Amino acid sequence: MKIKLSKYIQRARKMGARGARVIPAKSIVAAEWVRMKCRFGCDGYGQCLTCPPHSPAPEETRRMLREYARALLVRGDQYTDIRKIVSALEREIFLDGYYKAFGMGAGPCELCEECALDSCRHAEKARPSLEACGIDVYATVRANGLPIAVVKKHGCAENYYGIVLIE
């Protein structure tokens with residue numbers, strides 16, 4: 002039996018999210034340039050299975066997104082463990098009957114000090130970040146009416162986002 006999706010908005014907040022919203026999966030934007038920012042701008046590139054070049058490429062992400070109708074967009078800040086919330090919500094949503102539930106977090110995986118790269122020691126928790134899969138977080142978040150801005154200096158408020166795809 003399927004559960005009303007609004008339940009997961011409250012669950013996300015109880016887990017520490019600053020907010021959450023059910024969005025149409027078709028509003029999620031995947032773009033080639035996003036992975037270039039990972040490759041040429043992130044010192045985590047190639048360091049773990051959840052980051053490029055090991056994570057799904059934008060074209061693969063676009064194909065996968067077409068298999069979903071909705072997603073739960075989860076918002077946090079610099080003090081929120083978005084990855085932990087997303088993986089916990091994915092599990093809960095799966096157990097409620099949405100067997101295709103799949104989550105993506107924010108930023109590089111930090112579950113291990115050094116990634117095994119050939120087999121994940123925390124496969125039940127490790128998920129690729131939105132950026133690692135080529136998702137344009139800014140365009141996606143803005144299209145769904147939530148706040149996001151480029152952080153221009155230290156001390157500015159930050160927003161982090163994760164998604165759980167639901168079908």
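Take any residue in the sequence shown, count from 1 to its spot, add 1: that is its number in my numbering. Even for Gly, the Cβ is constructed at its ideal location relative to N, Cα and C. These numbers were taken from a predicted model, which means no experiment stands behind them.
Original post:
Taking C-alpha atoms, which residue in GLY47, ARG128, ALA107, SER120 lies nearest to TYR180?
Top reply: The first residue shown for the chain is 2 and the last is 168, placing residue 180 beyond what the model contains.
**OP:** Could you have a look at ARG22 and say whether DSSP puts it in helix, strand or coil?
**Re:** strand
**OP:** Look up GLY98 in the DSSP assignment and give the residues it is bridged to.
**Re:** None; GLY98 has no bridge partner.
Subject >> Supposed contact pair CYS39 and ALA133 - C-beta distance, whole angstroms, cut 8 Å >> reply: Correct: roughly 6 Å between the Cβ atoms.
Subject >> Contacts around ARG14, its chain only, beta-carbon distance under 8 Å, and the 5 residues preceding and following it disregarded >> reply: Excluding the 5 residues flanking it on each side, ARG14 has same chain C-beta neighbours closer than 8 Å at GLY20, ALA21, in chain order.
Subject >> Rounded distance between the beta-carbons of GLY104 and ILE164, thought under 8 Å >> reply: Confirmed, about 7 Å.
Original post:
Exposed or buried, which one is ALA127 when buried takes at least 16 other CB atoms within 10 Å?
Top reply: buried
Original post:
Which class does SER130 belong to by DSSP, given the choice of helix, strand or coil?
Top reply: strand
Subject >> Straight-line Cα distance separating ARG12 from LEU90 >> reply: 8 Å
**OP:** Please report how far the alpha carbon of LEU74 lies from the alpha carbon of ILE24, in whole angstroms.
**Re:** 7 Å
**OP:** Could you spell out the range, first to last residue, of the beta strand (DSSP E) harbouring ARG71?
**Re:** 71-77
**OP:** Measure the C-alpha to C-alpha separation of ALA124 and TYR80 and round it to an integer number of angstroms.
**Re:** Cα to Cα, ALA124 sits roughly 23 Å from TYR80.
Original post:
Going along the chain, which residues of its own chain have a beta-carbon closer than 6 Å to the beta-carbon of VAL152, five neighbours each way excluded?
Top reply: GLU159
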